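S.K.: Got a structure for you, questions after.
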Amino acid sequence: MKFINKAFLSLVLAGTFLVSSCDSLLQVDPRQSIDANGALNTPDAVDAALNSVYARLRSVRNYGRDLFALADALADVGQTTSNSGRLIGENNNQPNAHFQAGFWQNSYFAINEANLILDGLSGVQGASAAQLARWEGEAKFLRALYYFDLVKVYSYIPTAIFQQGVTDEGGIPVVTEGVVTSSAAFSRQTPRSSIDQVYTQIYADLEDAKRLLTSRGVQYASSGAASALLSRVALYRGDWAKVVAESTTALASNVGSVLSGSAYVNGWRTPVNPESMFEVRFALAEESIGVNESLQSSYTALLNLSNKNSQGGWGDFIPNATVRGFFGLTQLQIGTPATDNNNWDVTRNSDIRAQLYTTGNTVRGAGRQIEVTKFLSKSGFAYADNVPVIRKSEMHLNRAEANYRLGNAADALAELNAFKALRGLTAVNLSGQALLDEILLERFKEFAFEGQRFFDLKRNGRAIVKTTPAVNLPFDDFKILPPIPQREVDGNPNLNQNRGY
Amino acid sequence: MRKVLLLGLMLFLASAVAFAQDRVITGTVTSTEDGLGVPGATVLVKGTTIGTATDIDGKYSISVPAGSNVLVFTFVGLRTQEVSIGNRTTINVALESDVTALGEVIVTGYGTQPKREVTGAVSSVKGEAIQNLPMQSFDRALQGRAAGVQVRSSNGLPGGAVNIRIRGVGSINAGNEPLFIVDGVQLNNQSNAAFTQSNPLAFLNPNDIESMEILKDAASAAIYGSQAANGVVIITTKKGKQGKAKFEFNAFAGETQPMKFLDVLGGAEWFDRERTAWINSGNANPEANALNSMGILPSNWQTLSREQLAQIGAELPTYDWQREVMGAGRLQNYEMSVSGGDAKTTFFLSGSYNYQEASFKPVDFERGTVRLALSHQANDRLNIETNINLSTFQQNVPFAVEGSFLGSPAFSASAILPHNAIYNEDGTFNTAIRGVLGQNVVLVNEYNSGIQRTNTAVGNIITNYKILDNLSFRSLFGLDYRLLQGDNYRDPRTPDGAGVRGRSSVQSDWRTRFITTQTLNWNKSYNAVHNLSAILGVEYLSETREGLSGAGIGFPTFQFRTIQSAATPESITGFWTGYRRASAFASVNYDYKKKYLATVTARYDGSSRFGANSRYGLFPSIRVGWSMVEEEFLKSSSVVSEMKLRASYGLTGNDQIGNFAARGLYGGGGNYAGSAGIRPTSLANLDLGWETNNTFNIGLDYGFFGNRVTGSVDVFDRRTKDLLLDQPILWTNGFSDIANNVGELQNKGIEFEISTVNIDKGGFRWNTSFNFSKIKNQVISLYDDLQFLPANPGIAVGQPVGRDGGGSVFAAEYAGVNPATGRPMWYDINRNITYLPLAADRIYYGSNLATTFGGLNNTFSYKGFELTAFFVYEYGAVFTDGQYSFLRENGTRLALNGLREVNDRKWTEPGQITDIPRDVKTNGGNETRGAGRNSGTAALLKGDFIRLAQTTIGYRFNPTLVSKIGLSSARIYLQGLNLWTYADYPGYDPEFTGAGTGQVPLTKNYTVGVQIGF
């Protein structure tokens, strides 16, 4: 009995002890997160935070798919198969079938992270000057890239602003200070900057990046990549002399190389395309975007080229008659039986880029189709190809176009013909509008399925002429621009929605 | 003389003694329910204080003084009987169970109370009511049993999730789950299974439950403070009773069957509708295109005429994929319990095995449980008790719990094109499946495998110490431990596994919850009219959860199915999380002559989940009651046997948010180019506190005609203030939302319960109980005077929220089909017809939260025969059913099968009035420049139903008969679940939660069972 009483007493004591000191009892700290205050105080933390800004480029809503496949679906590059039902609305330019809210969200999240890194650089303990320069340069390059992608999508492009001051609602909100406290998150309601202000901001960031950076691989920002991006931004801004200057700088840099012939084709079969000046890296199998929305899956039903019968992606978006015409593509049976997908290929013309197209398979509903194979398990695992954001070849086409605009038609023609030679095409002799059209056509062929065409049409104020279905989108149509996510407009009285939404 | 007088007195006294000689009466007290002796029953000589108690076998012996001729037999839970002695010396009495529950005791927060004195809104469900139902978790069995408690199975996965809402939905972003307490241990009922749904509450064999009490109003629940906002369900398990060991064997077995197969089109019918669609789209080769859509266009088609092509289509076969993958399943349950004890020690020991298959093989549930309840009276003052529940259950997992996965039988079986053969002629699987669902789900189902296992230990140690006669101390230590393990294999012979040469995914997830409660109980009566009692307590709870999961790809052959054979680790991850809570609480009860009743409670909670500035909260409540039957004017009434008016008001909190929701954090994420990334994951909110429910409740408990009619009516107004809302942050500021205390939500409603004994004559008895609840839910306010939430306009002031706190349906109203052209039409905001509704045309259209629900039970019994019919009903919910929405497209967007009733109703000729548009092939199956056919409210369904949830026919053998073969009781029964459903519903079944796409539907169950006591 005494024992029981003792046991009872100890229970009482244990009970009271357990509830005695509440505050320390209630202290539980997370183990897989750290406090946001001071999180970026060490060099390793800044490196890791910068990785996250890069990683956001992999999002399906950014370079994972939409900036390439969705943008091309909006343009005149391809047609849809209904295999999974994706990209049909975009290809038909239905209202609201455009860049999605997630693109805005993910891009601004990345911009905030870049801003937080830039804001915190002064507080990093033990950082070398070289590290500080690299972090600032890379963060600014990334911020510029995200802003450029946002402004080219949500706003008119400076070279073709539709009814400036009437229907145009300006640029996009520009924020250059990071938010990490709730008070700032609640109170900051940033209006749209003017288009020009946005491009000025992008210029400033890229100039800094160019000055601060060297190169540590094409998966990271470099001085050369900054010049190359500046060249494209200047092209969109109509700043022709700047295009020529930056293209020249970029071409002279040791980042990336311009390829021709089979080397060019093989460039699309290696994990890292040698043409890339900056590309988004998919390093691990778990970063695979998967069978539904990856670029590979969007473009082809093949799993790989070694056995065309293997079930791969959906092949939702395939070349239309225009693109097939560029390269002389028609289906061609090369063996028997016809039921074996490996016994099929395509006819091709002399353009080496025709090598990047072949027949798919009959696994999906639409049957065997001609598909683009720029993204086909290059890295050794499915649905996770590295995405070339800027290829060095573009510099030639940028410079040719800018030279034409500057009145240097001879330089433009020479550069165009030199480029055509790289792709196995004969020289042309054109002038005036025909020369510009040919430069743009060459750009179309070169960057088909790389997300440039929609913006090339947009910056030239041209209508989108569709083949399948044959429903055109004139430049004055409101559907040229996507809606700004409604939640942002509803929650921010200073933010104007685009026309028509 | 003196001697004579003395002698005379002695004689007189002697004679007086002789005259007053006692009689000794003996006998046995049994229960009519099981025919067994009732130990511990009180036998009292009426009008005296002379009494005794029955022994372990129910036997008694009592001396009855002369002049007394009536014995009174009483036992808790049994109806008191008075028996005239007459000339008998042996009196055997069989006590009936007291169905009118006059003396019923209700478990309330940290104590018990006679039902007559309860002043809050508490529903009680006895264990017998749900006994032997083939349901894996008791929460599902609560459906329709108690007013105000809405229960919905999430799907037909045995042991799957159950959606339980007490008095509506009180939160938008925090949890809406009630607090479940088993034997004083507060459980975490969050399911974390990766590969199927594993309801944590399925750890408990429902047959081990003695009773369930549901604390509905805030005042009753307030003693549980910051976790009681959604109500509290207190489960009391069976305990041993004094007496000789009672064995009970219980078994049932039977079959599950699909409630419904969807009536989908056949091969030739699908060809015909596809051809029509191509014709409607102006195509010149509709037959060829239709055959191409089906993947069977002959290569020489250009040499064939349209008629010949049409002939191919007309001769297409039909294969029934649903009946191939859906069908009957087995179910069985065996359990054995033994209970008993002596005056000092009682015990209850049970073990059970339960197995059930879903309608989709191999999805199943297999459970074993062991339970021990032990109580020991160490001395007059000290009692020690323990309850230990051990359980393991294992589930074969479905391809996916929900979703439009090609390999998922639950999705594909009804949607796959019907001309696809399942097997080749040689009996092998057909792998050339045409149409968008290009996988043979029978093959996929056969080759994949996966298992989810849940091991649970829930137990406690309770010490009761009587410090004084009216003061006792109770100390409880409890544990809720759960280990979840799972593995899932995508076979390399299936399309999803082929690309990666097989994938094995594994999961381990540990949850450890520790709780201790220390309470003091005190009571005292003053002048025998003022009764006062009080509870004072402290409580501490800590919970940690951690997990590991990973996946590997690249398997040598399909025979290697475990992760160690993988060539490449695809992913590996883990997590740790935890929280703590410390509390103090007090409750004071007062009554005056049991007539005027009052209870005041308060709890002070501190939780690590909340912001540093608002970590502690106070949750007070008050309840008052007026027991009118105790008043003189009703005391003598022969009609009114119970009448109590009660009112309560209280505050409860909701703390069901992330453990670190108040913290501003950087977390891992965004690895790039092979090196690790970190990013800001949440914004700090130092002021983040609980969400507060203020509930006002008025109720009336009534009983008439000797409690042959009993019940209660309650009206309540539940206001949730300072909602734990994920307040949207502008994305331009780098975050999506921040947990913040803003906004207000209201649930107001009426609850009605009635139980009647309709007939009780000549051994025939007919009982009815019915309950009805109607609840109006609406958002009262948001923040910054916003009328709707920017990120989710379905959450709007004046509109209800959904059953998971999601928004109302906010969509353009469907206007049917243009009779002239067959185009689908919608109303714009000005009620004009439009083909292309815009965001501005959306209107509010109700939510998926039912407004009205309840249950109806009828029991008929006659001499051992018993018939039970139990109905449940729900009204007022609207929602979309993803599976139906896909099928409603009628194959126009994607090459999927369609429903016959949809296809029959589609527009075919001008003038036809219908709601299904004509089939076209343009624009992804929609009219050019027209919205999708399921846009707006077009595919919205009403979820109303009435269901015969349970039907049982049983027979209990006469105890004297079965005692001859050594049994004390025996009962056999037949039971059916979900035998009949009334619903105007085109999908599988209106009872589900989630999107409805590719979910395993609920089943019908048939069982036969036997219960034997010895």
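Line by line, the protein sequences are chains R and B.
full-length UniProt numbering numbers the first residue of the first sequence as 1 and each following residue consecutively.
full-length UniProt numbering numbers the first residue of the second sequence as 1 and each following residue consecutively.
No residue lacks a Cβ here, since even glycine has one placed at the ideal position from N, Cα and C.
Remember, it's a predicted structure, so these values are computed and weren't measured experimentally.
Below 8 Å, can you find three or more Cβ-Cβ pairs linking the region 260-277 of chain B to the region 413-420 of chain B?
M.R.: Because the criterion of three Cβ pairs below 8 Å is met, the region 260-277 of chain B and the region 413-420 of chain B touch.
S.K.: Against Y54 (chain R), what residues of chain B qualify as contacts under a CB-to-CB distance less than 9 Å, listed in chain order?
M.R.: Simply G670, Y672, A673, G677.
S.K.: Drop a sphere of 10 angstroms on the beta-carbon of L305 (chain R), count the other beta-carbons inside from all chains shown, and report buried for 16 or more, exposed for fewer.
M.R.: Flag for L305 (chain R) reads exposed.
S.K.: Compile a chain-ordered list of the residues in the region 719-743 of chain B whose CB is closer than 9 Å to at least one CB of chain R.
M.R.: For the region 719-743 of chain B, which is checked against every Cβ of chain R, the residues closer than 9 Å are Q727, P728, I729, L730, W731, T732, N733, G734, F735, S736, I738, N740.
S.K.: Going along chain B in order, which residues have a C-beta closer than 8 Å to the C-beta of D274 (chain R)?
M.R.: Per the sequence shown, the amino acid found at residue 274 (chain R) is Pro instead of Asp. By Cβ distance, chain B contributes nothing, its closest Cβ being about 17 Å from P274 (chain R), past 8 Å.
S.K.: T859 (chain B) to L262 (chain B), Cα distance in whole Å?
M.R.: About 34 Å.
S.K.: Going by C-alpha to C-alpha distance, which of B:E96, B:A66, B:S97 sits closest to I85 (chain B)?
M.R.: Comparing Cα-Cα distances from I85 (chain B) to each of B:E96, B:A66, B:S97, the minimum goes to B:A66.
S.K.: Distance check for P800 (chain B) and A850 (chain B), CA to CA, integer angstroms please.
M.R.: Taking the straight line from one Cα to the other gives about 10 Å.
S.K.: Between the alpha carbons of S193 (chain R) and I157 (chain R), how many angstroms are there, rounded?
M.R.: Straight-line Cα distance between these residues: approximately 14 Å.
S.K.: Indicate whether the contact test is met: 3 or more Cβ pairs, each with one atom in the region 956-965 of chain B and one in the region 923-940 of chain B, closer than 8 Å.
M.R.: Not touching, per the Cβ criterion.
S.K.: By the DSSP assignment, the beta strand (DSSP E) with N767 (chain B) in it spans what residues?
M.R.: Its beta strand (DSSP E) spans residues 764-781.
S.K.: Could you tell me if A101 (chain B) is buried or exposed, where buried requires 16 or more neighbouring beta carbons within 10 angstroms of its beta carbon?
M.R.: At A101 (chain B), the pLDDT of 47 sits below 50, so the modelled position is not reliable and the matter cannot be decided from this model.
S.K.: Would the region 325-341 of chain B count as touching the region 284-300 of chain B if we require 3 or more Cβ pairs under 8 Å?
M.R.: With a cut-off of 8 Å, the region 284-300 of chain B and the region 325-341 of chain B do not count as touching, because too few Cβ pairs lie within range.
S.K.: So if I threshold CB-CB distances at 9 Å, which residues from the region 353-374 of chain R count as touching chain B?
M.R.: Those would be T362, V363, R364, G365, A366, G367, in chain order.
S.K.: Taking L481 (chain R) as part of the alpha helix (DSSP H), name the residues at either end of that continuous run.
M.R.: Where L481 (chain R) is concerned, there is no enclosing alpha helix (DSSP H), given that its DSSP letter is neither H nor E.
S.K.: Strictly below 7 Å CB to CB, what residues from chain B border A144 (chain R)?
M.R.: What A144 (chain R) touches in chain B: nothing, since even the nearest Cβ is about 17 Å away.
S.K.: Thinking just about the alpha-carbon of each residue, which of R:A418, R:R58, R:K420 is nearest to the one in F281 (chain R)?
M.R.: What sits at residue 281 (chain R) in the sequence shown is Arg, not Phe. The option with the nearest alpha carbon to R281 (chain R) is R:R58.
S.K.: Count the other CB atoms, across all protein chains shown, that sit within 10 Å of the CB of R145 (chain B); report buried if there are 16 or more and exposed otherwise.
M.R.: Flag for R145 (chain B) reads buried.
S.K.: Name the chain B residues that come within less than 8 Å of R237 (chain R), Cβ to Cβ?
M.R.: Those do not exist, as R237 (chain R) stays about 23 Å from chain B at its closest Cβ, beyond 8 Å.
S.K.: Please classify P337 (chain R) as buried or exposed, where buried requires at least 16 neighbouring CB atoms within 10 angstroms.
M.R.: Label assigned to P337 (chain R): exposed.
S.K.: Give the interface partners of I553 (chain B) over in chain R, defined as CB-CB distance under 8 Å, in chain order.
M.R.: By Cβ distance, chain R contributes A285.
S.K.: Cα-Cα, which of B:L789, B:V151, B:S808 is closest to E874 (chain B)?
M.R.: Here the closest residue by C-alpha is B:V151.
S.K.: Alpha carbons only, please: which of B:V45, B:R663, B:G749 is nearest the one belonging to N740 (chain B)?
M.R.: Among B:V45, B:R663, B:G749, the Cα nearest to that of N740 (chain B) is on B:R663.
S.K.: Assign V162 (chain B) to one of three DSSP states: helix, strand, or coil.
M.R.: Reduced to three states, the DSSP call for V162 (chain B) is strand.
S.K.: Out of R:R353, R:G313, R:T339, which one is the CA nearest neighbour of G328 (chain R)?
M.R.: Ranking the options by Cα distance to G328 (chain R), first place goes to R:R353.
S.K.: State the DSSP-derived secondary structure class of E927 (chain B), mapped to helix, strand or coil.
M.R.: Looking at E927 (chain B) - three-state DSSP - the assignment turns out to be coil, as it is neither helix nor strand.
S.K.: Exposed or buried, P493 (chain R), counting other C-beta atoms within 10 Å across all chains shown (16 or more means buried)?
M.R.: That one is exposed.
S.K.: Just the Cα atoms here: how many angstroms apart are T695 (chain B) and L536 (chain B)?
M.R.: Their backbone Cα atoms lie some 23 Å apart in a straight line.
S.K.: Which residues mark the beginning and the end of the alpha helix (DSSP H) in which D364 (chain B) is found?
M.R.: Where D364 (chain B) is concerned, there is no enclosing alpha helix (DSSP H), although the beta strand (DSSP E) it sits in stretches over 364-377.
S.K.: So, under 8 Å CB-CB, Q564 (chain B) and A194 (chain B) are touching, yes? Tell me the CB distance rounded to an integer number of Å.
M.R.: About 19 Å separates the two Cβ atoms, so there is no contact after all.
S.K.: Quick check: is the beta carbon of G499 (chain B) nearer than 8 Å to any beta carbon in chain R?
M.R.: Taking Cβ atoms only, chain R reaches closer than 8 Å to G499 (chain B), which makes this a yes.
S.K.: I'd like to know if the region 613-626 of chain B and the region 646-665 of chain B are in contact, where contact means that at least 3 CB-CB pairs between them fall below 8 Å.
M.R.: Yes, since at least three Cβ pairs between the region 613-626 of chain B and the region 646-665 of chain B fall closer than 8 Å, the two stretches touch.
S.K.: Interface residues of chain R around L316 (chain B) at Cβ under 9 Å?
M.R.: The contacting residues do not exist; L316 (chain B) stays about 16 Å from chain R at best.
S.K.: Compute the Euclidean distance between the alpha carbons of G500 (chain R) and N96 (chain R), then round it to the nearest angstrom.
M.R.: Distance between the alpha carbons of G500 (chain R) and N96 (chain R) is about 10 Å.
S.K.: Check whether chain B comes within 8 Å of P337 (chain R), counting only Cβ atoms and requiring the distance to be less than that.
M.R.: No, P337 (chain R) does not count as interfacial toward chain B.
S.K.: Around the C-beta of V817 (chain B), are 16 or more other C-beta atoms found within 10 angstroms, so that it is buried, or is it exposed?
M.R.: Classification for V817 (chain B): buried.
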